[in-house]
Every structure is written in C-alpha cells, then in structure tokens.
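Colleague: I am attaching a structure below and will ask some questions about it afterwards.
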Amino acid sequence: MPITRAVIQLKALEIARELNITGFKASLGWCRRMMRRNGLALRRRTSLAQHLPSDFGEKLLSFQRFVINLRKKHSYPLDQIGNADQTPVYFDMPTSVTVNRKGEKSMLVKSTGNEKSRVTVMLTCLADGSKLPPYVILKHKTVPKHPMPAGIIVRAQEKGWMETELVVDWLKVVWGARYGGLS
Numbered sequence: 001m002p003i004t005r006a007v008i009q010l011k012a013l014e015i016a017r018e019l020n021i022t023g024f025k026a027s028l029g030w031c032r033r034m035m036r037r038n039g040l041a042l043r044r045r046t047s048l049a050q051h052l053p054s055d056f057g058e059k060l061l062s063f064q065r066f067v068i069n070l071r072k073k074h075s076y077p078l079d080q081i082g083n084a085d086q087t088p089v090y091f092d093m094p095t096s097v098t099v100n101r102k103g104e105k106s107m108l109v110k111s112t113g114n115e116k117s118r119v120t121v122m123l124t125c126l127a128d129g130s131k132l133p134p135y136v137i138l139k140h141k142t143v144p145k146h147p148m149p150a151g152i153i154v155r156a157q158e159k160g161w162m163e164t165e166l167v168v169d170w171l172k173v174v175w176g177a178r179y180g181g182l183s
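Written as structure tokens, this is what we have:
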C-alpha cells in the first residue's frame, strides 16, 4: 500500500505510545522535517494525458450559446434540460502519491489487485440544479439478490457497460420518472 504522510504520522504516534513518550504530537511539521532528515520525499504516480485542441474554448462557448438560444426560442423549462454522463467507479483507487527515497527512479506500490474492478455509473443533473438517481451497472449476468442501497437504480450487464437496452431502460426509469418526464 502507498505510504502517505498520514500513515507515517499514525505509525509515529503508535511507536511513541509503545515507548511511553508523552507529549509527542507527530504534527505535519514534524513529519516534513523527519522526511527531510531521512532523504524522503512525496512521489507522484505519473501518466500520459491528452492535450485539449487549441480551439477548445471557442467550441465550448459556441455550444453553450447554441443551447441557450434553443432554450430561449422554445421556452424549455430548466427542469427539462439535463446532462448525463457515464463514469467508471473503481473498487480500489490507489493513491497517486507515496513516500519514497529522494532520487529513486521508480517505486513499487502494493495493491489489493482490484484496480481494474469497477462499476459503470450514469449520473444526471438538470439545469435547475436537481440531480436524478444514479444508474449503476454491475459487471454481472444478473442483478444480485441482496438488497441494494436506497436511491439508486442497479442493473447488470456482462461487461459492466452501458448498451442500447440499458439506455432505453435508463430513459424509462430515470429520465421518464422525473416530474414532467416522458409524458
């Protein structure tokens, strides 16, 4: 597991208790100085990122104007305008920062092995600020029998992906169920 400053502080407090050292606080300042004395530094996991196109801001403003003009032209109420997006939610999200010796070129971070296990969640908000129930897609053939948390809709799909059938279901049970839905 990644080592964070909080982990170091907790371990230092534990050791101080074992050694009957009173008054030791393991403050953030103490942790920083201890790391400096021992040649330790915070290391960030690196990854590649995509660059946004140079005209991204211009396209964003153009789309925003387009939507605003449509709303004015047709007098759409704000609770009838929505934005939905699917996002993966991973069961194990290892931190991207750990403590390691200064100058080390790489670091080994132990994990649970579940970094790739995930569900897909469709999140939706309306232009009036309200939020619709999360639509969770499990990577299963069928929805498990045990009770699910209230306030969410749970479905199953073998790969855990949103597909045409599930989009139609989402339209009925989430989008259509709100006030003024698919009436």
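In the UniProt record's numbering, the protein residues as written are 1 to 183.
Don't be surprised by glycine CBs; every beta carbon is placed ideally from N, CA and C.
For Glu158 and Lys141, what's the separation of their Cα atoms in angstroms?
Modeller: Cα to Cα, the separation comes out at about 5 Å.
Colleague: So which of Lys72, Ala84, Leu40 and Met34 has the shortest CA-CA distance to residue 190?
Modeller: Given a span of 1 to 183 for the chain in the structure shown, any question on residue 190 remains unanswerable.
Colleague: Pick from Val99, Asn20 and Lys172: whose alpha carbon is nearest that of Leu132?
Modeller: Residue Lys172 is the option with its Cα nearest to Leu132.
Colleague: Starting from the Cα of Pro134, find the closest Cα among Leu52, His146, Arg155 and Pro147 and give me that residue.
Modeller: Nearest option by C-alpha distance: Arg155.
Colleague: Only counting runs of 4 or more residues, tell me where the alpha helix (DSSP H) segments fall wholly within the UniProt domain "HTH CENPB-type" (1-44), in order along the chain.
Modeller: Listed in chain order, they are 5-18 and 28-37.
Colleague: In whole angstroms, what is the alpha-carbon distance linking Leu13 and Asn100?
Modeller: Approximately 20 Å between the Cα atoms of the pair.
Colleague: So, do the stretch 1-12 and the stretch 26-40 have three or more beta carbon pairs nearer to each other than 8 Å?
Modeller: Cβ pair count under 8 Å is three or more, so yes.
Colleague: Pick helix, strand or coil for Asp79, following the three-state DSSP scheme.
Modeller: Correct three-state label for Asp79: helix.
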